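Residue numbers (this note's numbering), protein chains in the order written: chain A, 818 to 1012; chain B, 818 to 1012. Here a beta-carbon is modelled for each residue, glycine too, at the ideal position from N, C-alpha and C. The model shown is predicted, which means the values in this text are computed figures rather than measured ones. Below: the structure, in structure tokens.
Protein chains: 2
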Amino acid sequence: MAAAAQVVHRQGAERTTIADIARAADVPVGNVYYYFKTKDELVKAALAEHAHQLELLTGELDRLGDPRERLKRLVETWVSQRDVAVRYGCPTGTLASELDKRDEGGLDEEAGRVIRLLVDWVAGQFAQLGQPDPEGLALTLVGAYQGMSLLANALRDPTVMTRQGERLLGWLGSLPDPLATDGPPAGDSPPGEGR
Amino acid sequence: MAAAAQVVHRQGAERTTIADIARAADVPVGNVYYYFKTKDELVKAALAEHAHQLELLTGELDRLGDPRERLKRLVETWVSQRDVAVRYGCPTGTLASELDKRDEGGLDEEAGRVIRLLVDWVAGQFAQLGQPDPEGLALTLVGAYQGMSLLANALRDPTVMTRQGERLLGWLGSLPDPLATDGPPAGDSPPGEGR
DNA sequence: GTCTATAATTTGATAGAC
DNA sequence: GTCTATCAAATTATAGAC
């Protein structure tokens, strides 16, 4: 699964052959088919791998006390991974973009679900910050990330990531803090998913 | 070329076969090879077609007197084409994303050039507005477009385009006007939600 | 479970009649 | 210039020995 995720990210789903993944995992092709009946199942496994990495990241960020700090750290993580973004784009975004051009197999919806995972988590942070329209703000932040990744990749320019990352950090810093003065402190929104 | 541009946009470059394009153009496959020696040349033609459409659009917008108005119309054009973005994403952006995963043929740089065409034109408008760092603002605006297109596509939600488009229009409207005789423009603020 | 060999299909590209 | 027929290579998937 790790080999599938990496090779598919670098070459794209369509260009990647089973032999490519088998070689990366250092196993014969026949062995791959023992665990994954079709190529689509391998792509689905790559998506699941990316979803897993995302959960590891948000799980780590959740240990920070301040939602604003979590979002800032998220942006900093994106910027710190700029070299891979410049070369291959966002793993989930580029894969979603490719899979969305299919109309068979339903792999496109699978990709959408992984993206929604991130959008929902970000929206949760904005909600905890007491912001109106947290979903809209989440779409803005995640959209900015997808956009700067695509541009950095297409223009082969890592400074796109650093410059736009700075801008996003400034924006997050300018958001009003509900904990600052009056108003209900914590417990503003339920800790679980509200969807 | 028009058939190539449309089919490649809908199916992606890798998934599109010469037969697909030939069928869309209503000619036999052998005929296609008379004009385009390889499949890569067909993809390059599709890119050129998108670049041509972009030049038609900016040429039209250039006839407007106010640079700010040009940018607003650009955003409105993007939003008006939301249905195609929801289904297939931005033609140039998705193609660039796909081609950037290749390391042969140099088609990736070709895609980057088309994106740069748009970024440079937008930067020119910001420069005419007297904005500092017009290139950075252009990357922000074009990045926002690429990001909202990708999210609208992945989430199959046209309201992403309308909502984020509204936000961009508000941001453009808040920019200081250099033609107004009074005070120096204030520092730029990132495209956050108006408060 | 692992691996080699191979079947079955698709597809980029060409030959050659018209 | 247009079109049909076809080749050669690549690739998904399977069969079957170990």
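Distance CB(residue i)-CB(residue j) smaller than 7 Å
i, j, result
"ALA821 (chain B)", "ALA862 (chain B)", "yes"
"VAL824 (chain A)", "ILE838 (chain A)", "yes"
"GLY910 (chain B)", "GLN963 (chain B)", "yes"
"LEU864 (chain B)", "GLN942 (chain B)", "no"
"MET978 (chain B)", "VAL896 (chain B)", "yes"
"GLU831 (chain A)", "ARG832 (chain B)", "yes"
"GLY929 (chain B)", "LEU972 (chain A)", "yes"
"GLN945 (chain B)", "PRO884 (chain B)", "yes"
"ALA969 (chain A)", "VAL903 (chain A)", "yes"
Secondary structure of residue i, DSSP reduced to three states
i, result
"GLY876 (chain B)", "helix"
"LEU859 (chain A)", "helix"
"GLY982 (chain A)", "helix"
"PRO884 (chain A)", "helix"
"THR834 (chain A)", "coil"
"ASP937 (chain B)", "helix"
"GLY925 (chain B)", "Here the sequence assigns Asp to residue 925 (chain B), which means Gly is not the residue at that position. The answer is helix: DSSP assigns ASP925 (chain B) an H, G or I state."
"LYS854 (chain B)", "coil"
"ARG919 (chain B)", "coil"
"GLN948 (chain A)", "coil"
"VAL849 (chain A)", "helix"
"LEU992 (chain B)", "coil"
"VAL892 (chain B)", "helix"
"VAL977 (chain A)", "helix"
Local Cβ density within 10 Å of residue i, reported as buried at 16 or more and exposed below that
i, result
"LEU916 (chain A)", "buried"
"SER991 (chain B)", "exposed"
"PRO951 (chain A)", "buried"
"SER914 (chain B)", "buried"
"ALA836 (chain B)", "exposed"
"VAL846 (chain A)", "exposed"
"TYR851 (chain A)", "exposed"
"GLY882 (chain B)", "exposed"
"LYS854 (chain B)", "exposed"
"ASP843 (chain A)", "exposed"
"ARG899 (chain A)", "buried"
Residue i, enclosing alpha helix (DSSP H) - first and last residue
i, result
"ASP968 (chain B)", "Note on identity: in this sequence residue 968 (chain B) is Leu, with Asp being the wrong assignment. 951–972 is the span of the alpha helix (DSSP H), which, as asked, contains LEU968 (chain B)."
"ARG827 (chain B)", "819–828"
"GLY910 (chain A)", "908–916"
"VAL903 (chain B)", "899–905"
Do three or more CB pairs link the stretch 936–948 of chain B to the stretch 871–888 of chain B at distances below 8 Å? Touching, yes, given that three or more Cβ pairs across the two stretches are closer than 8 Å.
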